Every structure is written in C-alpha cells, then in structure tokens.
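What follows is a set of notes on a single structure, which appears directly below.
Residue numbers (the numbering used here), protein chains in the order written: chain A, 1 to 407; chain B, 1001 to 1171.
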C-alpha cells in the first residue's frame, strides 16, 4: 500500500484495495469479481470516450494545418473547449427520425457503430500492466469487431429509407468485404513473426526489432487496407459528399450523428493503436534499451502507456495526412486496386515471410532482420517493375489507338 | 444457480426468440438482422465454453461474411423488402412434426449421456488450446485429411464462381 506499488502496477493495486474494502463491507467473493469487472469496463469506456472528445479537437486542428487555416481558436485556449461546445450543440439539437424509417434499426445503428469501436479497446494493451484482456485470439477479435462496424453502417443506411444512404451503405459493404482480405492476410504476418495471436505476445516479440522493419511491405498493405476499412479518403466513397450528400448517415441528426462521427474518429485512432502494436512495438520496442539499468524507467506502466499513446497518435496523424492530401478514388479503380494488386501482393508477402521465418531461424538476430528486410525490398522492387511494364504497355496501346484514329 | 447458468439461460432465450423471429417476421432485412442476433448468441455460448477461437470465428465468418452478404443480396435484388402472401404452406404440420421429433430425439440422446451433469473442465493455465487446435489441424495423425479436403472443396467453389462470373459469358 505505497505510492511505488501504485506506480508499478496501478490496476492490480486498485483492484486489491477495492477487494479489501468490499470484503470489509461483507460482500461475497463472486459479487466482488462482478463489481470489479463492471468498474473496469466503466473506467475503460469513460477513458476512451474522453479521449474521443480530445480527438475531435486534434482532427480539426490538424486538418486546419493541412489546409493552411487556423482551425478552432475562439473557445478556450487554442480552441480546446470547442469539442465540449460541439457536444452540447449536438445534444440539444432536434432529434429527427425520418418518416418511413425503420425506427428500431435506425436507432440501434449508431449505438452499434460506437460499440464496435469501443470493444476494440478491450484488447489494446496500453502497457504491460494496463490492458483490458489478453485474448489468445486478439488478432481475429480485431476482424470480428470490424464486422460489427460494417453491420452498423448497413443498418443505418437501410433503415434511413433514403436512396443516398442506401447507396453509401452498398459502397461501404463492397469496400469492407474486399479490403478485409488483404488486411487479414497482413495481420497474419505479425502472427507468424511473433508466433502468437495475443497482442501482449506480439508486443513483447518486438522488444528487439519492430515488425515494420522486418516486413515493411506488410505494414504498407495493412496501412492501406486500414484506411479503406475506416472509409477514409481516398476510400471515402461511402460518404462522397459531391455524389451522395453525406452517405449512409445523411438522415441522422443531433447526437445520433454525433455517435457515428465520434466512432469514426475513434476508429481511426484505434487503428493507429493497432499499427503501433502490430508493427511498431506497441508500448515497448526500444530495441533492448530498457534492459540497461539507466533506462529501466522505460518499463514503468505509465511511461509505457505514454509511449503507446504517442505511437498511436503518430499512426492517427499518418491516416489524417493521407486523408487530407488524397483525392477520392473511383469505385472500379478501388475494387481493381484491391483484387488485382493488394490481394496478390499480400499473399506473396505472407508466403515469403512464412518460408523465410523457418529458413532464417538459425541465423543471429542481425542476419534474420537483414534477410527479412531485403526479401521485402526485392518483392517491392519487382512489384514496381511489373507495374511500370504494365503501365508502359497500356500507354503504348493507347498511343497506337490514337495513331489509328488520326489516320 | 451459478453466474454461468444465468448467462446460459439468458443467451438461450435470446437465441430461441431470435431464431423464431427469423422465420416469422415479414421483413426480409429484419429476418437477416434477427439471424445475426441468433448467431451472436451462439458465439456467446462458445465463449462460455471457453472456446474463444470458435466464438471469434463464429462472429467473423457468420456475421462478418455470411449475414452481411445475405443482407447485401437482399438489398440488391428485392425492390420491396416485405414478404407478401401466406407464410406457411398446406403441409406445414409435417415440418413441425419432423422438427418436434428431431428435438425429442436430441433431448433423449443428451439426457441419456452418462456425464450430462458434468461441469466444464477448467483448462490448466499452461495449456494453449489455440496452438493445440492448430497443430491438430495439420498433423497427419489428426485432422489433416478433412482439413485439406475442405480446402480443396472451397477452392473448387472459388474457381467455379470465377468461371461463372467471367468466362461463362463468352459462350
């Protein structure tokens, strides 16, 4: 019961203290477990939602920078209180359910959207001591929660009884069903490298070397398919405002729209977190630095949590960077890019990783890293050469066509 | 009554009610959504049985792929998503009788199991069930043959789908 005990293992410390307190009040052991789990879930959800309020500010400030504006700057220092004002506005707005809407489904959809994102935080490890649950199928859980998100968008789009909303939902399903494949395939690569599906195991396996260095191609494919899963630009056909007004959420108003908006922002940040966990060492990954006694403080749970949040923020920033600099892709290009390029490439990278992981297993760490990295570079160069040859051939056939038309 | 039993009963009611709604509701999309609820309930049952892998795969495959494709196909092909006309045929009682017989048979079989009252065994801390499952699927003394046969079957279905969609048009 000291400050050091709290600093070294905060969750267990609080849990033990609460257990002692509740036992003193005469609760049974089973009830105490249930109460502790409920408090844990409540604290996690509140933390995530508070973070989400901050993300609204971050997103608006960053997009302002990209577009050479100032962003919110009137309410509070640097406009920090702006999101609170936004929430108050959303809550007191009139709540409209369109005539002909399927009321129950219409109302469940935003809740499900938020739920699918928040449930992802159950497996994100903030540090070696602060995490929801260490599932042995965590990587698959990520895919399963994404499926619920897709479902919420279909439900919202269909229940609105609006053609634009339905079209947006159609596009989102086509998008998510196809980009799920390269994503799942590249998710397998950290699993092969770490030899486990648990996110704690994957994080610890990267304490020496980040998987982004062992397999940069896998990271790039994961990054692209994550952006597509999020439905963010250049894959934001789901809410292409020039064609579909606002896409699947066009009929939503007030806080129901707020839930969709909040869950989209949080989803992007959560994927930043997963990029950090799967490819950049999560809360650790200091290349063995923390083993030195001078840097032992790096293993403190609060420092680890700060490192994790910083890495996740960087991933989130990269997603925003792409979102606000790329034009929207056409739908047939989007599907062709996935099926003809990302899926074959991800399969090649997966097979390459699986084979090399066994072949190079006997080598020292630097040989293993170098072999993995070089194989990725070779695959990347070959891919670019194939693409260049294809582009040249297409250019030539277009030229001959133009020549024939002129003659 | 333990917490496990309470959760099991609640989930059992959820599954049964949703399954009933799937066949009785008149709106096709509602039927699909109730189906999602029923499948989700089954996933929770797997989780209670400590089969985490099966639970997650149930959600990924049945909700993430199959149910969503159901909904997608219904939305694309039907203009009016309400089912008109009678919901039963004249020989519905044969189906009901068969269903009841199968249920009675299953209940009889389960009750006569010698260890029907046994509670689920607690998995020891060191055992990685997922790794055991993976090894069993690819080891020659276990399930490698069914596993490979299933893969070949799926591949054949995939090739067939590509043929119908792509090359079939030319003829």
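Using N, Cα and C, we set each Cβ at its ideal position, and we do this for glycine too. As the structure is a computational prediction, the values presented were derived from the model and not from experiment.
With a cut-off of 8 angstroms on Cβ pairs, the stretch 119-136 of chain A is in contact with the stretch 302-309 of chain A, counting three or more such pairs. Here DSSP, grouped into helix, strand and coil, assigns residue 1027 of chain B to strand. For a Cβ distance threshold of 9 angstroms, nothing in chain B lies close to residue 226 of chain A: the least Cβ distance comes to about 16 angstroms. Comparing C-alpha distances from residue 233 of chain A to each of A:121, A:175 and A:218 shows the shortest one belongs to A:175. For residue 1139 of chain B, no alpha helix (DSSP H) run applies, since DSSP gives it neither H nor E.
Closest in alpha carbon position to residue 356 of chain A, among A:346, A:255, A:72 and A:376, is A:376. Look at the stretch 147-158 of chain A: the residues with a C-beta under 8 angstroms from a C-beta of chain B are 147, 148, 150, 151, 154, 155 and 158. Runs of the beta strand (DSSP E) spanning 3 or more residues and lying entirely within the stretch 245-305 of chain A do not occur at all. Nearest CB-CB separation between residue 197 of chain A and chain B: below the 8 angstroms threshold. Comparing alpha carbon positions, the residue from A:371, A:278 and A:100 closest to residue 199 of chain A is A:278. The straight-line gap separating the alpha-carbon atoms of residue 195 of chain A and residue 267 of chain A is approximately 27 angstroms. Burial is judged here by how many other beta carbons sit within 10 angstroms of a residue's own beta carbon; residue 147 of chain A has at least 16 and is buried.
With respect to the 8 angstroms criterion, residue 151 of chain A and residue 120 of chain A are not classified as neighbours on the basis of their beta carbons. Within the stretch 23-46 of chain A, the residues whose Cβ lies closer than 8 angstroms to any Cβ of chain B are, in chain order, 30 and 34. For residue 1105 of chain B, the nearest beta carbon of chain A is not closer than 8 angstroms to its own beta carbon.
Around the beta-carbon of residue 321 of chain A, fewer than 16 other beta-carbon atoms lie within 10 Å, marking it exposed.
If you ignore the 5 residues before and after residue 32 of chain A, its C-beta comes within less than 6 angstroms of the C-beta of 19 and 22, all in its own chain and listed in chain order.
Going by DSSP, residue 171 of chain A is part of the alpha helix (DSSP H) stretching over 163-194. Separation of the CB atoms of residue 56 of chain A and residue 83 of chain A is rounded to 4 angstroms, and the pair is thereby assigned contact status at 8 angstroms. Within the model, the alpha-carbon separation for residue 1021 of chain B versus residue 95 of chain A is close to 29 angstroms. By the CB criterion at 8 angstroms, residue 190 of chain A and residue 156 of chain A fall outside the cutoff.
Using a Cβ distance threshold of 8 angstroms, residue 1074 of chain B and residue 1032 of chain B count as a contacting pair. With respect to residue 223 of chain A, residue 172 of chain A sits apart: the two C-beta atoms are not nearer than 8 angstroms. Distance between residue 133 of chain A and residue 12 of chain A, taken at the CA atoms: about 13 angstroms.
Below 8 angstroms, enough C-beta pairs join the stretch 319-335 of chain A and the stretch 61-77 of chain A to call them touching: three or more. By the Cβ neighbour-count rule, residue 1146 of chain B is exposed, with fewer than 16 other Cβ atoms within 10 Å of its own. By the neighbour-count definition (other C-beta atoms within 10 Å, threshold 16), residue 1050 of chain B is an exposed residue. Spatial neighbours of residue 1015 of chain B in its own chain (CB-CB distance under 7 angstroms, excluding positions within 5 residues in sequence) are listed in chain order as 1038, 1041 and 1042. In the displayed model, residue 25 of chain A falls within coil according to three-state DSSP, outside both helix and strand. Assignment of alpha helix (DSSP H) within the stretch 40-107 of chain A, counting only whole runs of 4 or more residues, yields 82-92 in chain order. Cβ-Cβ distances below 7 angstroms link residue 178 of chain A to 335, 338 and 339 in the same chain, with the five nearest sequence neighbours on each side left out; the list follows chain order. Taking the Cα positions, residue 52 of chain A is about 43 angstroms away from residue 1162 of chain B. With a cutoff of 8 angstroms on beta-carbon distance, residue 349 of chain A and residue 379 of chain A are scored as near each other. Per DSSP, the unbroken alpha helix (DSSP H) holding residue 138 of chain A starts and ends at 138-159.
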